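1 is the number of the first residue of the sequence shown in full-length UniProt numbering; add one for each residue after it.
A virtual CB, placed ideally from N, CA and C, is assigned to each residue, including glycine.
Since we're looking at a predicted model, the values are computed, not measured.
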Amino acid sequence: MQALQQLASSACRAAGPCRGEISLSALSQLRSSLAPALQALFHSHSATAGNDLPARVTIYEVGPRDGLQNERKAIPTDVKVAFIDMLTDAGFKKIEATSFVSPKWVPQLGDAAEVMARIRRAPGVSYPVLVPNMQGLTGALASGCGEVAVFAAASETFSKRNINCTVAESLKRFEKVATEARAAGARVRGYVSCAVGCPYEGRVEPQAAADVAAALQQMGCYEVSMADTIGVGTPASMEAMLKATLRQVSADKLAVHCHDTYGMAIANILTSLRMGVSVVDSSVAGLGGCPYARGATGNVATEDVLYMLDGYGIVHGIDMDAVLRASEFISGALGRPNGSRVARALLARRADADDAAADAAAAAAAAKAAAAAAAAKSAGPTATAA
Numbered sequence: 001m002q003a004l005q006q007l008a009s010s011a012c013r014a015a016g017p018c019r020g021e022i023s024l025s026a027l028s029q030l031r032s033s034l035a036p037a038l039q040a041l042f043h044s045h046s047a048t049a050g051n052d053l054p055a056r057v058t059i060y061e062v063g064p065r066d067g068l069q070n071e072r073k074a075i076p077t078d079v080k081v082a083f084i085d086m087l088t089d090a091g092f093k094k095i096e097a098t099s100f101v102s103p104k105w106v107p108q109l110g111d112a113a114e115v116m117a118r119i120r121r122a123p124g125v126s127y128p129v130l131v132p133n134m135q136g137l138t139g140a141l142a143s144g145c146g147e148v149a150v151f152a153a154a155s156e157t158f159s160k161r162n163i164n165c166t167v168a169e170s171l172k173r174f175e176k177v178a179t180e181a182r183a184a185g186a187r188v189r190g191y192v193s194c195a196v197g198c199p200y201e202g203r204v205e206p207q208a209a210a211d212v213a214a215a216l217q218q219m220g221c222y223e224v225s226m227a228d229t230i231g232v233g234t235p236a237s238m239e240a241m242l243k244a245t246l247r248q249v250s251a252d253k254l255a256v257h258c259h260d261t262y263g264m265a266i267a268n269i270l271t272s273l274r275m276g277v278s279v280v281d282s283s284v285a286g287l288g289g290c291p292y293a294r295g296a297t298g299n300v301a302t303e304d305v306l307y308m309l310d311g312y313g314i315v316h317g318i319d320m321d322a323v324l325r326a327s328e329f330i331s332g333a334l335g336r337p338n339g340s341r342v343a344r345a346l347l348a349r350r351a352d353a354d355d356a357a358a359d360a361a362a363a364a365a366a367a368k369a370a371a372a373a374a375a376a377k378s379a380g381p382t383a384t385a386a
């Protein structure tokens, strides 16, 4: 607005009193006067256009836990350990490794203690685990976990069907878990499930999600991840939910956890980044999904998020090539196509480049052999001693 006022003022001064016509000299003076103001206005807009995005984003990788927990076919512990180690090598600083939940409810993660005992823990890397109750916390602490995650829903129906208690009851339960965890020296992260939509209730009121997030922060969660559990969110619903939440929890204490059921995850994440959030949950190869939403296609793929961040020049510290290796590995182990569109495109391009290089090498070898044969033929028979 100030730039526009300066622009108008410059125009008035340059034009002088209006008598129905403007001389060529006045027009020239007007152009010269307007140029600096227009340039300043352009640069001002350019400078602010990109400043609504964070300079750095932290990726919280959930593939080993959220990505694998609903797999029906048993995944060998060796595969899980190798997968987590590959993620460590890729540069992730936050890798949610498993969950200390009853094998009766989540049999896929029944080897949680063994996984935590065998993974290669790198300095500066956190390997948080999900804990549903005090028993889970005991197992997590016994395995040397320095960070745990708790969860509560913004939907009463979802809470009752998922963990058999009301939202208020779940918050009381997790407050005890959080208190004990912090007393033991562990950090606590919180999740708000169904932050924008519920498979049973439909649309979730933004204030309901905000209130649960505030309660989790008050009980000691250093960060609260707002989860679009069934992937029904849009940029508009994400914005509404975050606006309500940001009135109670600061952006530096929030993360987003988007599922890509309707293909909106990247757009929703971008909306969140523009609102100040700088931590994004994602899953390599787009692993995971919600068992309560038919057709849910899983978590947003880490590769897709990284590709977007690279496009904006946002620092994330992750090695894409190493991520692709981990992505190929786990997709192969599960016997299914890679769920990341970016991974599929990059891997296909890499395969094309490898094929082209192999063809070029074969052509060069053939040319070399042909040249050698031609040289031998032109030299004629070789004389031998009698």
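As assigned by DSSP and simplified to three states, the class of residue i
i	result
E205	coil
V279	strand
Y60	strand
N299	strand
V305	helix
V315	strand
G288	coil
G220	coil
G339	coil
Segment limits, beta strand (DSSP E) that includes residue i
i	result
R187	187-193
V150	147-153
Endpoints, alpha helix (DSSP H) assigned at residue i
i	result
L270	265-274
M134	134-142
D321	320-334
residue 396	A query on residue 396 cannot be resolved here, the shown segment of the chain reaching from 1 to 386 and no further.
E71	It is not in any alpha helix (DSSP H) - E71 carries neither H nor E in the DSSP assignment.
R161	156-163
Buried or exposed by the 16-neighbour rule on C-beta atoms within 10 Å, applied to residue i
i	result
R65	buried
S327	buried
Q218	exposed
P337	exposed
S99	buried
P103	exposed
A154	buried
Q135	exposed
A195	buried
Y200	exposed
N164	exposed
V62	buried
T271	buried
### Task
Determine, using beta-carbon pairs with one atom in the region 266-281 and one in the region 52-72, whether at least three such pairs fall under 8 Å.
The answer is yes - the region 52-72 touches the region 266-281, with three or more Cβ pairs under 8 Å.
### 4-residue-minimum alpha helix (DSSP H) runs that sit fully inside the region 223-263, ordered along the chain
235-246
### Task
Only counting runs of 4 or more residues, tell me where the alpha helix (DSSP H) segments fall wholly within the region 91-135, in order along the chain.
112-118
### Message
Count Cβ pairs between the region 112-131 and the region 77-93 that sit closer than 8 Å; are there 3 or more?
### Response
Touching, yes.
### Message
Quick test of the definition: if touching needs 3 or more C-beta pairs under 8 Å, does the region 238-250 touch the region 206-222?
### Response
Touching, yes.
### Message
With three or more C-beta pairs closer than 8 Å as the rule, is the region 181-190 touching the region 153-173?
### Response
no
### Query
Taking one C-beta from the region 109-118 and one from the region 78-85 each time, how about it: are there three or more such pairs within less than 8 Å?
yes
### Task
Assess, as a yes-or-no matter, whether the region 255-275 is touched by the region 219-235 under the definition of 3 or more beta carbon pairs within less than 8 Å.
yes
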